[in-house]
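Residue 1 is where the sequence shown starts when you use this note's numbering, and the numbers rise one by one after that. Built from N, CA and C at the ideal position, the CB exists for glycine as well. As the structure is a computational prediction, the values presented were derived from the model and not from experiment. Everything on this sheet refers to the single structure shown next.
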Amino acid sequence: LTVWDQEVADLLSEFKEINLGLSVECFTELNDYLRYPSKINEVKATIERWLIHSSENKNSWLISLRVTATCLSILHLDTVYEYAYNNDIGVESCNFLTEPKFMRISVLPPEIRKMAINRLSFWIASKEIFKNDKQIVNVRNPSTIKQAVLQDAHSYLNYLENQPDESSELNNLIIYLKKLELSRNNSILDYLPEYEKLFRDTGYNL
């Protein structure tokens with residue numbers, strides 16, 4: 001999502017139906033770290049171009065945001081839902097991440113989980129004006145996009161509230177981050193200051 005290719009866009013316009021998945025982890029600068037070396041402003045601009053391009057075509061376009069939520073992105077996941085909800089596009093997070101284990105959301109200890117739970121709960125509450133408990137099976141149905149986005153948010157809220165603790169993997173996460181940042185010359189704490197005490201206590205000391 002850092003480059004706009006007009007030839008590709010024109011080619012896709014020739015098809016009767018298009019399902020276009022756009023990969024992003026969040027709509028804050030944390031995305032710059034998670035999808036290094038992208039810049040979120042460029043990513044937003046490219047997504048907006050795709051939205052405009054799809055609206056200008058008479059053919060059937062279905063655009064969705066593709067996310068892989070991790071212990072690093074979960075605090076900002078609400079920004080993905082907010083963008084999708086406001087633009088009437090879906091969110092496809094597929095399955096909960098299982099590998100590598102140290103990137104699982106369940107690695108987070110209770111105090112960080114609580115922060116994520118509060119943020120997601122607040123976002124959900126702000127949108128559930130027309131609550132519909134019916135399960136959305138086809139998340140690509142344009143007529144139920146908003147409900148499907150809420151449903152996806154609920155699935156992560158449920159995960160945060162009920163998944164067993166796996167914070168024993170925190171040491172492996174710190175080892176991974178330190179190796180990664182040696183080549184990038186950046187720091188996760190510039191993007192996630194909420195994690196500073198947790199990471200420092202676990203041996204993060206770049």
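Just to confirm, is the Cβ distance from LEU20 to LEU62 under 9 Å? Yes, the pair counts as a contact, with Cβ atoms nearer than the cut-off.
Quick one: what's GLU17 bridged to in DSSP? The partner list for GLU17 (beta bridge, DSSP) reads SER60.
Please state if the CB of LEU51 and the CB of ASN86 are separated by a distance shorter than 9 Å. The beta carbons of ASN86 and LEU51 sit no closer together than 9 Å.
LYS44 versus PHE122 - alpha carbon distance: Here the alpha carbon of LYS44 sits roughly 24 Å from the alpha carbon of PHE122.
Which word fits THR79, buried or exposed, when buried means at least 16 other C-beta atoms lie within 10 angstroms of its C-beta? It is buried - the Cβ of THR79 has at least 16 other Cβ atoms within 10 Å.
Kindly indicate which residue of THR68, GLU17, SER38, LEU72 has the alpha-carbon position closest to the one of LEU189. Closest in C-alpha terms to LEU189, from the list THR68, GLU17, SER38, LEU72, comes LEU72.
Could you have a look at ARG184 and say whether DSSP puts it in helix, strand or coil? If DSSP states are grouped into helix, strand and coil, ARG184 belongs with the helices.
Hey, could you find the ends of the alpha helix (DSSP H) GLU42 is sitting in? 40-55 is the extent of the alpha helix (DSSP H) around GLU42.
List, from N- to C-terminal side, the beta strand (DSSP E) runs of 3 residues or more that fit wholly inside the stretch 71-152. Runs of the beta strand (DSSP E) inside the stretch 71-152: 90-92.
From the DSSP secondary-structure annotation, give me the bridge partner or partners of LEU65. LEU22, VAL91, per the DSSP bridge assignment.
Endpoints, alpha helix (DSSP H) assigned at GLU169: Bounds of any alpha helix (DSSP H) do not take in GLU169, whose DSSP letter is neither H nor E.
Cβ pair LEU173, THR144 closer than 9 Å: Not a contact, by the Cβ cut-off of 9 Å.
Which of the three DSSP states, helix, strand or coil, is assigned to ASN205? Here ASN205 sits in coil by DSSP.
How close, in whole Å, do the beta carbons of SER167 and VAL107 come, if the pair is a contact with beta carbons under 8 Å? Rounded, the Cβ-Cβ distance is 6 Å, consistent with contact.
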